[in-house]
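Engineer: One structure follows; several queries about it will come next.
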Amino acid sequence: MPNPSYDLVIIGAGPGGYVAAIRAAQLGLNVACIDKNAQLGGTCLRVGCIPSKALLESSHLYEKTSHELGVHGIKVKDVSLDLSAMLKRKDKVVTTLSGGISGLFRKNKVTHYAGTGSINADKTVTVTDEAGNTRVVTARNVLIATGSRPASIPGIDLSLDKVDTSTEALSYDAPPKHLAVIGGGYIGLEIGSVWRRLGSRVTVLEYLDRVLPGMDAELARHAHKVFARQGIEFKLKSRVVGVQSDKQGVTIQRDGDEPVKADRVLVAVGRAPNTEGLGVEAVGVERDDRGYITVDADYRTSVENIYAIGDVIPTSMLAHVAEEEGVACVEKIATGYGHVDYGVIPAVVFTDPEIASVGRSESDLKDEAHEYKKGVFNFRGNGRAHAIEQADGFVKVLADKKTDRVLGVHIIGPDAGSLIAECASAMQYGATAEDIYRTCHAHPTLSEAVKEAALAVDGRVIHG
Ligand code: NAD
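Right under this line is the structure:
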């Protein structure tokens with residue numbers, strides 16, 4: 126029997142790969158998608174974005190119910206935690222959504238192969254299933270979308286007991302008494318927040334003198350203050366150089382500082398691209414010195430008809446970036462046109478309050494000597510924020526000094542992750558701050574804070 130043959134074979138069914146598969150099928154390509162995990166959806170759905178958001182929601186409700194309902198005149202007694210039920214709900218969310226992707230594959234006639242995909246020298250792809258059975262498929266085009274895994278640093282062995290990555294930290298069977306977190310980035314703050322709310326003492330050890338590197342510094346400073354107030358301990362300027370684990374717990378060595386002892390440690394120092402075992406060496410796909418696959422503007426690797434998107438290429442390691450890249454890549458293959466605007470990528474940290482950014486930060490603009498105007502509006506001037514008892518935080522709009530075109534928006538406050546979408550749309554359409562404030566925003570909504578920050582750019586804020 127000849128090998129099954131496809132227009133496009135995608136390796137990896139995370140948000141990059143599965144979305145690319147569906148879009149390619151919509152465009153009339155005959156598509157197969159290979160994933161070694163029975164559950165489709167990749168890291169994002171299985172052990173990343175979705176389960177962490179499920180736990181952030183549950184832990185938020187637990188904390189609110191335990192301590193914050195009194196202010197609304199609601200008295201609650203005997204609140205207790207059923208962690209195993211909480212984890213089961215999280216797992217059910219994952220199972221439901223993963224099953225949804227299988228359904229979408231069927232609907233769009235995407236063929237799914239369960240197994241590990243590896244590219245051969247003749248550019249066919251071998252799929253090896255769990256039992257070791259192999260099958261070869263022929264592809265006119267191959268798209269690598271194999272994502273990433275938690276990275277470590279020298280001196281830390283992730284296989285040690287009590288030395289965890291985000292994967293294990295989403296499934297602890299009891300809140301650790303003292304959880305140390307290495308890295309004050311997205312994962313450290315989100316998962317650190319979950320366990321603090323569920324009763325753990327949480328200490329974040331961060332190499333830099335600030336949290337959330339890459340995000341606007343004013344936003345990060347406010348975030349640091351709020352999380353410290355909530356009870357997370359921060360040890361900034363802590364360069365972790367090693368971790369030991371024994372029966373009692375873990376000892377974390379810091380460069381030039383006394384060690385920190387804890388019951389467990391979560392290592393959240395970034396992620397590394399998954400390119401091993403893919404056969405990229407065999408076909409000669411080039412990688413950079415950090416292991417990322419190098420691609421051109423159309424996601425073409427150094428080998429003809431082999432493409433790569435998402436966390437395996439050196440762009441932001443965000444699920445929505447992978448999705449955009451997957452769509453652009455297959456649209457380019459099928460129609461000759463596909464594009465991602467990397468200047469308008471929203472980034473969201475799903476803590477409480479949420480933190481969200483799009484476009485340039487103030488330090489970017491200063492570095493670029495770009496003259497800008499700044500409008501800031503505090504949520505304490507927003508009626509809805511008071512009504513929901515979440516009036517902490519602010520919206521900051523940065524606009525070009527001469528043209529008023531919006532260059533960046535940075536938000537810390539209630540529902541920042543949703544509010545940033547309006548700002549990204551505005552930027553995508555080349556809006557000015559005036560375009561935002563001349564757009565009618567419904568009252569009473571949190572989105573009025575965005576409008577007011579845009580008004581503040583012009584010095585004509587109403588409620589501030
Ligand atoms: P990150 O890059 O956000 O943060 C890593 C932190 O570790 C940095 O602050 C860095 O300075 C610090 N660090 C590095 N080496 C250190 C050392 N030796 N000692 C102390 N600190 C050290 O990475 P992450 O939080 O692991 O997240 C990984 C990726 O996953 C990110 O790229 C992020 O884009 C993605 N992610 C996104 C979301 C979201 O969109 N909400 C959530 C989770 C993860």
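This note's numbering numbers the first residue of the sequence shown as 126 and each following residue consecutively. Just so you know, even glycine gets a beta-carbon here, dropped at the ideal spot from N, CA and C. All values reported here derive from a predicted model rather than from experimental measurement.
(1) Flag Ile307 as yes when its Cβ comes closer than 6 Å to any non-hydrogen atom of the ligand NAD, and as no otherwise.
(2) Write down every uninterrupted run of the beta strand (DSSP E) in the region 479 to 565 whose length is 3 residues or greater and which is fully enclosed by it, in chain order.
(3) So does Met442 have its beta carbon nearer than 6 Å to some heavy atom of the ligand NAD?
(4) Where does Gln378 sit, in a helix, a strand or coil, going by DSSP?
(5) With distances taken from CA atoms, which of Gln355, Leu544, Glu493, Asp132 is nearest Val510?
(6) Hey, would you say Ile434 sits closer than 7 Å to Tyr417, going by beta carbons?
(7) Quick check on Tyr143: does DSSP put it in helix, strand or coil?
(8) Below 7 Å between beta carbons: does that hold for Val329 and Gly310?
(9) Cβ of Arg364 versus every heavy atom of the ligand NAD: is any distance shorter than 6 Å?
(10) Just reading off the beta strand (DSSP E) that Pro398 is part of, what are its end residues?
(11) For Thr253, which residues from the same chain have a beta carbon less than 6 Å from its beta carbon, with the 5 sequence-adjacent residues on both sides left out?
(12) Is Ile438 close to chain D? Criterion is C-beta to C-beta, closer than 7 Å.
(13) With distances taken between CB atoms, is the gap from Thr236 to Val392 smaller than 7 Å?
(14) Is Gln369 helix, strand or coil by DSSP?
(15) In the DSSP output, which residue or residues are listed as bridge partners for Gly242?
(16) Closer than 6 Å: is that where the CB of Leu330 sits relative to any heavy atom of the ligand NAD?
(17) Sort out for me which residues DSSP pairs Ile136 with in a bridge.
(18) Just tell me which of Ala264, Gly324, Leu314 has its CA closest to the CA of Arg335.
(19) Taking the C-alpha atoms as reference points, what is the distance between Pro569 and Ala579?
(20) Out of Tyr131, Leu344, His192, point me to the one whose CA is closest to Asp203's CA.
(21) Please return the same chain residues whose Cβ sits closer than 8 Å to the Cβ of Ser277, not counting the five positions on each side in sequence.
(22) Run through DSSP, which three-state label would Ile431 get?
(23) Between Ile561 and Val483, what straight-line distance do the alpha-carbon atoms span, to the nearest angstrom?
(24) Going by DSSP in three states, Val235 sits in which element: helix, strand or coil?
(25) Judging by CA-CA distance, which residue of Gly166, Ala157, Asn128 is the nearest neighbour of Asn233?
(26) Here's the rule: buried if 16 or more other CB atoms are within 10 angstroms of the residue's CB, otherwise exposed. What is Ser572?
(27) Cβ of Gly310 versus every heavy atom of the ligand NAD: is any distance shorter than 6 Å?
(28) Can we say the region 195 to 209 touches the region 159 to 175, given the rule of at least three CB pairs closer than 8 Å?
Structural biologist: If we stick to the structure as given:
(1) Relative to the ligand NAD, Ile307 has its C-beta within less than 6 Å of a heavy atom.
(2) Runs of the beta strand (DSSP E) inside the region 479 to 565: 479 to 484, 497 to 503, 519 to 525, 531 to 538.
(3) Answer for Met442: yes, Cβ within range of the ligand NAD.
(4) Gln378 carries a strand assignment under DSSP once its states are collapsed to helix, strand and coil.
(5) What sits at residue 510 in the sequence shown is Ala, not Val. Comparing Cα-Cα distances from Ala510 to each of Gln355, Leu544, Glu493, Asp132, the minimum goes to Leu544.
(6) Taking 7 Å as the Cβ cut-off, Ile434 and Tyr417 do not qualify as a contacting pair.
(7) Here Tyr143 sits in helix by DSSP.
(8) For Val329 and Gly310, no; Cβs fall outside 7 Å.
(9) Indeed, a heavy atom of the ligand NAD lies less than 6 Å from the Cβ.
(10) Counting along the chain, the beta strand (DSSP E) containing Pro398 begins and ends at 396 to 398.
(11) Cβ neighbours of Thr253 beyond the five flanking positions: Gly240, Thr241, Thr259.
(12) As a matter of chain content, chain D is missing from the structure shown, which is built from one protein chain.
(13) Cβ distance not < 7 Å, so Thr236 and Val392 don't count as in contact.
(14) DSSP, reduced to helix, strand and coil, places Gln369 within a strand of the structure shown.
(15) Note: Gly242 sits in a beta bridge opposite Val252.
(16) Yes, since a heavy atom of the ligand NAD falls inside the 6 Å radius drawn around the Cβ of Leu330.
(17) The partner list for Ile136 (beta bridge, DSSP) reads Ile159, Ile269.
(18) When only C-alpha atoms are compared, the closest one is Leu314.
(19) In a straight line, the C-alpha of Pro569 is about 17 Å away from that of Ala579.
(20) Ranking the options by Cα distance to Asp203, first place goes to His192.
(21) Around Ser277: Leu283, Val392, Val394.
(22) Strand.
(23) C-alpha separation (whole angstroms): 15 Å.
(24) Coil.
(25) Considering only alpha carbons, the answer is Ala157.
(26) Burial state of Ser572 is buried, judged by a 10 Å Cβ sphere holding 16 or more other Cβ atoms.
(27) It does: the Cβ of Gly310 is within 6 Å (strictly closer) of some heavy atom of the ligand NAD.
(28) Flag = no, the region 195 to 209 and the region 159 to 175 do not touch.
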